[in-house]
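Colleague: Here the sequence shown is numbered in this note's numbering, starting from 209 and rising by one per residue.
By construction, the Cβ of each residue, glycine as well, lies at the ideal position given by its N, Cα and C atoms.
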Amino acid sequence: MNIIKTENYDEMSNMAANKIIEMVRTNPKATIGLATGSTPKGVYKKLIEDHKANGTTYKQATTVNLDEYVGISRNDPHSYHFFMREQLFSHIDIPLEQTYIPDGMAKDLQLECSRFESVIQDLDGVDLQLLGIGHNGHIGFNEPGTSFESRTHVVTLAESTRKANARFFPSIEDVPARAITMGIATIMESKEIILLASGSSKAEAIARLVNGEVNENFPASVLKLHKNVTIIADKDALQFI
Ligand code: F6R
Numbered sequence: 209m210n211i212i213k214t215e216n217y218d219e220m221s222n223m224a225a226n227k228i229i230e231m232v233r234t235n236p237k238a239t240i241g242l243a244t245g246s247t248p249k250g251v252y253k254k255l256i257e258d259h260k261a262n263g264t265t266y267k268q269a270t271t272v273n274l275d276e277y278v279g280i281s282r283n284d285p286h287s288y289h290f291f292m293r294e295q296l297f298s299h300i301d302i303p304l305e306q307t308y309i310p311d312g313m314a315k316d317l318q319l320e321c322s323r324f325e326s327v328i329q330d331l332d333g334v335d336l337q338l339l340g341i342g343h344n345g346h347i348g349f350n351e352p353g354t355s356f357e358s359r360t361h362v363v364t365l366a367e368s369t370r371k372a373n374a375r376f377f378p379s380i381e382d383v384p385a386r387a388i389t390m391g392i393a394t395i396m397e398s399k400e401i402i403l404l405a406s407g408s409s410k411a412e413a414i415a416r417l418v419n420g421e422v423n424e425n426f427p428a429s430v431l432k433l434h435k436n437v438t439i440i441a442d443k444d445a446l447q448f449i
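This is the structure:
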């Protein structure tokens, strides 16, 4: 794993955005894997700024997102569909039909997981996948104990994850109990992965990722088995490295 240490959140966001911009400029039909949560917001802001200032186009690009809550409609402000439209898609020129996010309202969730998995296979995999990391080492919503062989599946969110995400909802009771997530094996098939981390609250997770062993109890540790992973993190997140 390569590790890039940045001075702060802004520099981390800039570096990751530049990698995405470079990717779509050299390969306009690239498939970019996206994450939600607080960490990538700065990256999306930079992509929008660059699109407006320099005209980088996403007309031929495709995006796939890591996850979505079960039981929340795409127009609900708490959904990841809504988040992605607000934070990125509505401000760049990507056609919405080229943006794929699991449908947490699907009647048959298993079928939806297979459909999403086929979308990724049909696209010939993800060229560049952006990841955040949970305090417990989750990537996507693959919580500790998830098999490294897993494909897109329905998960029950860990209590700690629901607590961490309660900040986006009126109260913790409103945080859905389940989500659909890209599986670990699916994530590992991405040709290139960038994991972002910012702030001291992520320092222990990053230290465990970098110094710990590869173990299903710490999902992000699987990334050590991937050939092309870059951690871009600010100095607070890297304070124990
Ligand atoms: C979100 C996702 C999660 C987040 C993680 C960190 O799509 O896949 O794994 O990346 O929970 O979230 P933040 O960035 O809010 O600290």
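CB Ile-347 to CB Ile-309, shorter than 8 Å?
Modeller: no
Colleague: Identify, in the order they occur along the chain, each residue of the same chain with its Cβ nearer than 8 Å to the Cβ of His-343, setting aside the five sequence neighbours on each side.
Modeller: Ser-368, Ala-372, Ser-409, Lys-410, Glu-412 and Ala-413
Colleague: Could you give the distance in angstroms between the alpha-carbon of Gly-263 and the alpha-carbon of Ala-428?
Modeller: 35 Å
Colleague: May I ask you to report which of helix, strand or coil DSSP gives Tyr-266?
Modeller: Tyr-266 falls in the coil class under three-state DSSP.
Colleague: Can you tell me where the alpha helix (DSSP H) holding Asn-419 begins and where it ends?
Modeller: Annotation: the continuous alpha helix (DSSP H) that includes Asn-419 extends over 411-419.
Colleague: Using the three-state DSSP reduction, which class does Leu-404 fall into: helix, strand or coil?
Modeller: strand
Colleague: If you draw a straight line from the alpha carbon of Phe-291 to that of Ile-440, how long is it in whole angstroms?
Modeller: 22 Å
Colleague: Thinking C-beta only, is Ile-229 closer than 8 Å to Tyr-266?
Modeller: no
Colleague: Pro-378 to Pro-285, Cα distance in whole Å?
Modeller: The straight-line gap separating the alpha-carbon atoms of Pro-378 and Pro-285 is approximately 12 Å.
Colleague: Counting beta carbon pairs with one atom in the region 419-438 and one in the region 350-363, are three or more of them shorter than 8 Å?
Modeller: Touching, per the Cβ criterion.
Colleague: Can you name the start and end residues of the beta strand (DSSP E) that His-361 belongs to?
Modeller: His-361 -> beta strand (DSSP E) spans 361-364.
Colleague: Who does Asp-442 pair with in a DSSP beta bridge?
Modeller: Thr-214
Colleague: How long is the line joining the alpha carbons of Asp-275 and Leu-403, rounded to whole angstroms?
Modeller: 16 Å
Colleague: State yes or no: is the C-beta of Ile-347 nearer than 7 Å to some heavy atom of the ligand F6R?
Modeller: yes
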